[in-house]
Amino acid sequence: MEGLLDLRQIRTFIEVARTRSFTKAAAQLYYAQSSITAQVQALEKDLGLPLFNRLGRQVELTEMGRQFLGHAEKLICVAEEARLSVQKNGNIVGPLVVSAAESLLTYRLPALLQGFQSAYPDVQLILHTGASCSSIAPLEAGVDLGITIDEPVEVPQLLVQRVRSERMLTVVAAEHALSKRKEISAVEIAEQQILLTEHGCSYRGLFERTLMQQGGRVNKLLEFASVEALKQCAVARMGVAVLPEMVVAEELKRGVLVALPWPQKRMHVYTQLVRHRDKWFSPVMSAFWTMATQLLREPTE
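Mapped onto this note's numbering, the consecutive letters of the sequence shown carry residue numbers 3 to 303.
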């Protein structure tokens, strides 16, 4: 090893290992792909060994890369703890208003909120339940940061960090007539009562577009402002529900709900952090943004 390890290079290495792609890592970290490649090559040179096998557009960890990954993740955690220790009695105090979709507050945020309160006990967290899946609504007046579940957000006045992919499912109760089917067409889906989130929700729009592209159109629906109410109506055999996998994971595991084999190519949205481009990025906001980016992302396999 020629010198001290560069934390930026280590973060990049971890992201490439997680996504198995230099291109995807570049998108997540907002670097040019050439910069990602250069950072990994520099790290490999410092370590004196290859960390990845290059397989076309995908990469996989070498045996030494797998061994190094665990140590790399620990290094980043230690670095974050060191940063927090010097800021604990500094500027990381005061209120922080965070707005998030109901599904994220229920299924993704509890561990993050617990960790943030533990690390920053002097911050007063104020949580708002935003529109079920709107990219703009979470940043209404008085809100510092938003966490949305949406298709990729591209709004000029917002800065966006895409954190993880969320798979969308069409599900029915185990006793539903479609629950045992191995193949289902869009037309057959459209013949059912569809349980959907409110109009304007991005993943409702994704479902409706996908259905129409395959020759179906929603005819009968129940519209909900609450994903929990929507899910319980699906359990009660009231129709085909369209929900993120995280919302129905427990019911699928218990066999109460069944995922339908439509569409064959699964629909995806993303958990994303959003903030106003022109609003001052305070130390409190920065601390939450950093921790959320780390704790909400998809786990390294």
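The beta carbon of each residue, even a glycine, is placed where N, CA and C say it ideally should be.
None of these values were measured; they are calculated from a predicted model.
- Item | Reference Glu253; option with closest CA among Val174, Val155 and Leu6 | Start at 1 with the first residue of the sequence shown, and residue 253 comes out as number 251. The shortest CA-to-CA distance from Glu253 to any of Val174, Val155 and Leu6 is the one to Val174.
- Span of the alpha helix (DSSP H) around Ala251: One-based indexing of the sequence shown puts residue 251 at position 249. It spans Glu247 to Arg256 - the alpha helix (DSSP H) in which Ala251 sits, taken as one unbroken run.
- Item | Lys26 (DSSP reduced to helix, strand or coil) | Position 24 of the sequence shown, counting from 1, holds the residue named residue 26. Helix.
- Query: If we count the other Cβ atoms within 10 Å of its Cβ and call it buried at 16 or more, is Glu168 buried or exposed?
  - Reply: Residue mapping note: residue 168 aligns to position 166 of the sequence shown, counting from 1. Buried, because 16 or more other Cβ atoms sit within 10 Å of the Cβ of Glu168.
- Query: At least one CB of chain B closer than 8 angstroms to the CB of Val244: is that the case?
  - Reply: The structure shown has no chain B; it contains just one protein chain.
- Pick from Met170, Leu171, Asp152 and Pro158 that is closest to Arg164, judged by C-alpha positions: Counting from one through the sequence shown, the residue named residue 164 turns up at place 162. By alpha-carbon distance to Arg164, the top candidate from Met170, Leu171, Asp152 and Pro158 is Asp152.
- Item | Limits of the unbroken beta strand (DSSP E) element including Ser101 | In the sequence shown, counting from the first residue as 1, residue 101 sits at position 99. Ser101 -> beta strand (DSSP E) spans Gly96 to Ala102.
- Task: Give the straight-line distance between the Cα atoms of Thr14 and Pro52, rounded to the nearest whole angstrom.
- Result: Residue mapping note: residue 14 aligns to position 12 of the sequence shown, counting from 1. Residue mapping note: residue 52 aligns to position 50 of the sequence shown, counting from 1. Straight across, the Cα-Cα distance linking Thr14 with Pro52 is about 15 angstroms.
- Task: Using three-state DSSP, classify Val155 as helix, strand or coil.
- Result: Residue mapping note: residue 155 aligns to position 153 of the sequence shown, counting from 1. Val155: coil per DSSP, three-state reduction.
- Message: Can you give me the C-alpha to C-alpha distance between Arg110 and Leu298, rounded to a whole angstrom?
- Response: Residue 110 sits at position 108 when you count from the first residue of the sequence shown. Residue 298 sits at position 296 when you count from the first residue of the sequence shown. Roughly 7 angstroms separates the two Cα atoms.
- Leaving aside the five residues before and after Arg279 along the sequence, list all residues of the same chain whose C-beta is less than 7 angstroms from its C-beta, in chain order. Against the sequence shown, residue 279 aligns to sequence position 277. The residues are Gln159, Leu160 and Leu161.
- Query: Is the beta carbon of Ala176 less than 8 angstroms from the beta carbon of Gly257?
  - Reply: The residue you call residue 176 lines up with position 174 of the sequence shown. The residue you call residue 257 lines up with position 255 of the sequence shown. Contact flag set, yes.
- Item | Three-way DSSP call (helix, strand, coil) for Thr64 in this model | Walking along the sequence shown from the start, residue 64 turns up at place 62. Note: Thr64 maps to coil in three-state DSSP.
- Task: Find the nearest neighbour of Leu129 within the set Gln116, Phe118 and Leu98, judged by alpha-carbon distance.
- Result: Translated into the one-based positions of the sequence shown, residue 129 becomes position 127. The alpha carbon of Leu129 has as its nearest neighbour, out of Gln116, Phe118 and Leu98, the alpha carbon of Leu98.
- With respect to the beta strand (DSSP E) encompassing Gln274, which residues constitute its N-terminal and C-terminal limits? Here the question's residue 274 lines up with position 272 in the sequence shown. For Gln274, the uninterrupted beta strand (DSSP E) segment begins and ends at Met269 to His278.
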